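Asker: The sequence shown begins at 92 in this note's numbering and counts up by one. Mind having a look at this structure? Questions to follow.
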Amino acid sequence: MIINNFFFILFLFSFSIYANTDKYRCTLRDNPATSIVIGWNQISGNNPIVYYDIIDHGTNSSSYSYSKGVDRSIYTKGMNNTFSRLSGLLPNTVYYFIIEDNNSTSQRFSFKTAPDVPTERLSFIAGGDSRNNRIPRVNANKLVAKTRPNAVIFGGDMTDIDIDWQWQDWFDDWQYTIANDGRMTPIIVARGNHEYNNESIYDLFDTPNSDIYYALTFGGNLYRTYILNSNIAVNGSQKMWLENDLISNKKTLWKSAHYHHTMLPHVSYKPENTNLIVNWAPLFEQHGLDFAVECDIHAVKNTHPIHTNKMIGNQEGFIRDDVNGVVYIGEGCWGAPLRPVDDNKFWTRHSGSFNQIKWIFIDQSKIEIRTIKTDNADIVGSLKDKNRFTMPLNINIWTPAPNEDIITIYKTFSTNGPSIIKSDENKLYLYPNPVGENLHLEIDILPNLYPIRIEIWDYSGKNIFSNIYTKSKIDIDVKFLPIGFYSVNMIDITGKIYSKNLIVLK
Ligand SMILES: [Fe+2]
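So this is what it looks like as structure tokens:
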């Protein structure tokens, strides 16, 4: 009996050393500057509590200033998914936390809340499709730990067939996103077709609702990310919500959409998704969405800014439009089987087939998007909070052509040619358009902004024409231009660029 008691006490003691919680995750369902959700699998034990503080108290729960119990607990996929929703947090602040129940204490973790002002730069990792292959999945996860972004935005298809052991493996692999110092990165999740119902996402990530379409704003009015659900009706109430939300957030500087299915697949056996093109693309365009991250295809694509247009010369219903277009990137390579690209379009900027994630920086002046190859994750260096916008040692940034390692989106003006310029100002008039021989330009700017430079760029980004003018009415003979799409830029003396699309027909 004494021996039995000894082993029982030893058994209890072992539980106090080894956590009876695992499969940790941080998610976002509210303001990322002041709230976060701590989620985990409660293996055994009772009454778990999250202890947290802006001071690191290690695993000594009694020293932590704040604590929060369980807000939601749901048994699904063979896990007791337990969520504690922390709120009232300080913006742009590192919090340390542990999870302690009646017989175990977790390791000490940390997270950093997002800034609440637009003057702070933001970093995100975006991608999706992690089913099947655990090695590339883990590689991409390790890069999350090493780059310490503000959040991961994940476009669905986590597992192959949405069953218990696959999800458990997935969360075990997700632990590789935790940095060596315990730093966790919150994940914002969309639903894919390999999640067989909305509950798979809602119950495992405690998303803001069970419809799995929602939006979160970062940095005051800096950036709003839209999570859309392409696996339910994309019109009706979802579309109505999207339109209303875009209207009521028109003062937000940058906006992006993340959803699973691809509007414009670059693998030919997958047809264009007319349903998404008809219902979502016009809303993206009307309300100034800057980029969309698509998944599902298991290939790589970055488009030029494109806009729906039925004019001659469109492809799949889109033309390149550097002023009013949306940049589409994707298409999900976080561990799913890769497929060769065989369906490039005129307005494709880059395409390929390799394991990759998108690394996105957002500030008031621009968005930078890098495609990161993930296979060499083990030899990539690690960043800290203070240098999270620098490139770590050995990072493999895909550079499909010289100077094509970064896609930069400018909200206003740029001196980097016609890469991507967004301007509401209507100071440059072209006619006729389409044009055959003689192009007439009318400039409507103040006299003190002359002289101006007029540039013509082709859709591949090549400068075709450049000249200086001091008058407001200009004629240019464009007989030498082949049939196609062009951008005409007018640059005033201050360097401000006004851009218009031009079509040349013969
Ligand atoms: Fe898919």
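A virtual CB, placed ideally from N, CA and C, is assigned to each residue, including glycine. Remember, predicted model here, so these are calculated numbers, not experimental data.
Compare the beta carbon distance of isoleucine 318 and alanine 281 with 7 Å and say whether it is the shorter of the two.
Answerer: Translated into positions along the sequence shown, residue 318 becomes position 227. Translated into positions along the sequence shown, residue 281 becomes position 190. Result yes, Cβ atoms of isoleucine 318 and alanine 281 sit closer than 7 Å.
Asker: Look at the alpha carbon of serine 505 and the alpha carbon of lysine 114, and state the distance between them as a whole number of angstroms.
Answerer: Residue mapping note: residue 505 aligns to position 414 of the sequence shown, counting from 1. Residue mapping note: residue 114 aligns to position 23 of the sequence shown, counting from 1. Its pLDDT being 37, under 50, serine 505 is placed unreliably by the model, and the measurement read from it follows with that caveat. The alpha-carbon atoms of serine 505 and lysine 114 are separated by roughly 45 Å.
Asker: DSSP on glutamate 546, reduced to helix/strand/coil?
Answerer: By 1-based counting over the sequence shown, the position of residue 546 is 455. Glutamate 546 falls in the strand class under three-state DSSP.
Asker: Figure out for me which residue from Ile388, Ala427 and Ile500 has the closest Cα to the Cα of lysine 457.
Answerer: In the sequence shown, the residue the question calls residue 457 occupies position 366. Looking at the Cα atoms, Ile500 is the closest of the given residues.
Asker: Below 8 Å on the Cβ atoms is my contact criterion, and I expect aspartate 253 with histidine 285 to pass it. Report the Cβ-Cβ distance as a whole number of Å.
Answerer: In the sequence shown, residue 253 corresponds to position 162, counting from 1. In the sequence shown, residue 285 corresponds to position 194, counting from 1. Yes, aspartate 253 and histidine 285 are in contact; Cβ-Cβ is about 6 Å, under 8 Å.
Asker: Determine which residues share a DSSP beta bridge with methionine 581 and list them.
Answerer: By 1-based counting over the sequence shown, the position of residue 581 is 490. DSSP output for methionine 581 lists Ile545 and Tyr589 as bridge partner(s).
Asker: What is the rounded straight-line gap between the Cα of tyrosine 589 and the Cα of proline 299?
Answerer: In the sequence shown, residue 589 corresponds to position 498, counting from 1. In the sequence shown, residue 299 corresponds to position 208, counting from 1. Those two C-alpha atoms are separated by around 40 Å.
Asker: To the nearest angstrom, how far is the alpha carbon of tryptophan 332 from that of proline 362?
Answerer: As a first step, residue 332 must be located in the sequence shown, where it is residue number 241. As a first step, residue 362 must be located in the sequence shown, where it is residue number 271. Cα to Cα, the separation comes out at about 27 Å.
Asker: Determine, using beta-carbon pairs with one atom in the stretch 384 to 399 and one in the stretch 409 to 423, whether at least three such pairs fall under 8 Å.
Answerer: Yes: at least three Cβ pairs fall under 8 Å.
Asker: Is the stretch 377 to 391 close to the stretch 423 to 437, with three or more CB pairs under 8 Å?
Answerer: Yes, since at least three Cβ pairs between the stretch 377 to 391 and the stretch 423 to 437 fall closer than 8 Å, the two stretches touch.
Asker: For ligand 1, is there a heavy atom less than 6 Å away from the beta-carbon of valine 539?
Answerer: Translated into the one-based positions of the sequence shown, residue 539 becomes position 448. Sequence check: residue 539 is asparagine here, not valine. No, Cβ of asparagine 539 sits at least 6 Å from all heavy atoms of ligand 1.
Asker: According to DSSP, is glutamate 376 helix, strand or coil?
Answerer: Residue numbering aside, residue 376 sits at position 285 when the sequence shown is read from its first letter. It is helical.
Asker: At a cut-off of 6 Å, is aspartate 297 close to ligand 1 when judged by its beta-carbon and the heavy atoms of the ligand?
Answerer: Working through the sequence shown from its first residue, we reach residue 297 at position 206. Not so, every heavy atom of ligand 1 lies at least 6 Å from the Cβ.
Asker: Since I believe phenylalanine 309 is in contact with proline 123 (beta carbons under 8 Å), could you give me their beta-carbon distance rounded to a whole number of angstroms?
Answerer: Stepping through the sequence shown from its first residue, residue 123 is reached at position 32. Stepping through the sequence shown from its first residue, residue 309 is reached at position 218. At roughly 6 Å, the Cβ-Cβ gap stays under 8 Å, so proline 123 and phenylalanine 309 are in contact.
Asker: Is asparagine 223 near ligand 1, going by C-beta to nearest heavy atom under 6 Å?
Answerer: Counted from its first residue, the sequence shown places residue 223 at position 132. Every heavy atom of ligand 1 is 6 Å or more from the Cβ of asparagine 223, so no.
Asker: Specify, as a first and last residue, the run of the alpha helix (DSSP H) that serine 291 falls within.
Answerer: One-based indexing of the sequence shown puts residue 291 at position 200. Run containing serine 291: 289 to 296, per the alpha helix (DSSP H) assignment.
Asker: Taking C-alpha atoms, which residue in Thr150, Val185 and Pro139 lies nearest to serine 164?
Answerer: Along the sequence shown, read from residue 1 onward, the residue named residue 164 stands at position 73. Closest option to serine 164, Cα to Cα, is Pro139.
Asker: In terms of residue numbering, what span does the beta strand (DSSP E) encompassing threonine 167 cover?
Answerer: Here residue 167 corresponds to residue number 76 of the sequence shown, with the count starting at 1. 163 to 167 is the span of the beta strand (DSSP E), which, as asked, contains threonine 167.
Asker: Based on the DSSP output, what are the partners of alanine 383 in its beta bridges?
Answerer: Reading the sequence shown from its first residue, position 292 is the one you call residue 383. Its beta-bridge partners are Ala348 and Tyr419.
Asker: Just list the beta strand (DSSP E) runs in the stretch 436 to 464, keeping only unbroken ones of 3 residues or longer that don't cross its boundaries, in chain order.
Answerer: Entirely contained in the stretch 436 to 464, the beta strand (DSSP E) runs reaching 3 residues are, in chain order, 439 to 443, 447 to 453 and 457 to 464.
Asker: When you compare the CB positions of glycine 311 and aspartate 454, do they come within less than 7 Å of one another, or not?
Answerer: Within the sequence shown, numbered from 1, the residue matching residue 311 stands at position 220. Within the sequence shown, numbered from 1, the residue matching residue 454 stands at position 363. No, they are not a contact pair.
Asker: Hey, is glycine 443 close to ligand 1, as in C-beta under 6 Å from one of its heavy atoms?
Answerer: Along the sequence shown, one-based indexing puts residue 443 at 352. Because no heavy atom of ligand 1 lies under 6 Å away, the Cβ of glycine 443 does not count as near it: no.
Asker: Should aspartate 466 go down as buried or exposed, given a rule of 16 or more other Cβ atoms within 10 Å for buried?
Answerer: Position 375 of the sequence shown, counted from the start, is the residue given in the question as residue 466. Flag for aspartate 466 reads exposed.
Asker: In chain order, what residues of the same chain lie with their CB nearer than 8 Å to the CB of tyrosine 166, ignoring the 5 residues before and after it?
Answerer: For the purposes of this step, residue 166 is taken as the residue at position 75 of the sequence shown. Excluding residues within five positions, the ones whose Cβ falls inside 8 Å are Asn172.
Asker: Taking aspartate 434 as the reference, give the member of Asp496, Met402 and Pro356 with the closest Cα.
Answerer: Translated into positions along the sequence shown, residue 434 becomes position 343. Residue Pro356 is the option with its Cα nearest to aspartate 434.
Asker: Is it true that the CB of isoleucine 226 sits closer than 7 Å to the CB of valine 243?
Answerer: Indexing the sequence shown from 1 puts residue 243 at position 152. Indexing the sequence shown from 1 puts residue 226 at position 135. Contact: no.
Asker: Is it buried or exposed for threonine 462, if we count other Cβ within 10 angstroms and need 16 for buried?
Answerer: Position 371 of the sequence shown, counted from the start, is the residue given in the question as residue 462. Answer is buried; the Cβ neighbour count reaches 16.
Asker: Just the Cα atoms here: how many angstroms apart are leucine 596 and arginine 212?
Answerer: Residue mapping note: residue 596 aligns to position 505 of the sequence shown, counting from 1. Residue mapping note: residue 212 aligns to position 121 of the sequence shown, counting from 1. If you take the alpha carbons of leucine 596 and arginine 212, they lie about 43 Å apart.
Asker: Have a look at serine 514 and glycine 379 and give me their C-alpha separation to the nearest angstrom.
Answerer: For the purposes of this step, residue 514 is taken as residue 423 along the sequence shown, with counting starting at 1. For the purposes of this step, residue 379 is taken as residue 288 along the sequence shown, with counting starting at 1. Caution is warranted here: a pLDDT of 43 is assigned to serine 514, below 50, making its placement in the model unreliable, and no coordinate value can be reported.
Asker: Around ligand 1, which residues pass a check of Cβ closer than 5 Å to any of its heavy atoms?
Answerer: Selection output, chain order preserved: Asp248, Gly283, Asn284 and Asp387.
Asker: Roughly how many angstroms lie between the CA atoms of serine 321 and isoleucine 292, to the nearest whole one?
Answerer: Taking the first residue of the sequence shown as position 1, residue 321 is located at position 230. Taking the first residue of the sequence shown as position 1, residue 292 is located at position 201. Distance between the alpha carbons of serine 321 and isoleucine 292: 13 Å.
Asker: Note down the Cα distance separating asparagine 580 from isoleucine 498, rounded to an integer number of angstroms.
Answerer: For the purposes of this step, residue 580 is taken as residue 489 along the sequence shown, with counting starting at 1. For the purposes of this step, residue 498 is taken as residue 407 along the sequence shown, with counting starting at 1. Asparagine 580 and isoleucine 498: Cα-Cα distance of roughly 19 Å.
Asker: Kindly indicate the opening and closing residues of the alpha helix (DSSP H) around glutamate 334.
Answerer: Along the sequence shown, read from residue 1 onward, the residue named residue 334 stands at position 243. Element bounds for glutamate 334: 327 to 339.
Asker: With respect to the beta strand (DSSP E) encompassing aspartate 568, which residues constitute its N-terminal and C-terminal limits?
Answerer: Within the sequence shown, the letter at position 477 stands for residue 568. 564 to 568 is the extent of the beta strand (DSSP E) around aspartate 568.
Asker: Quick check on the DSSP output: the alpha helix (DSSP H) that includes tryptophan 58 runs from which residue to which?
Answerer: In the structure as shown, the chain starts at 92 and stops at 597, and residue 58 therefore has no counterpart that could be examined.
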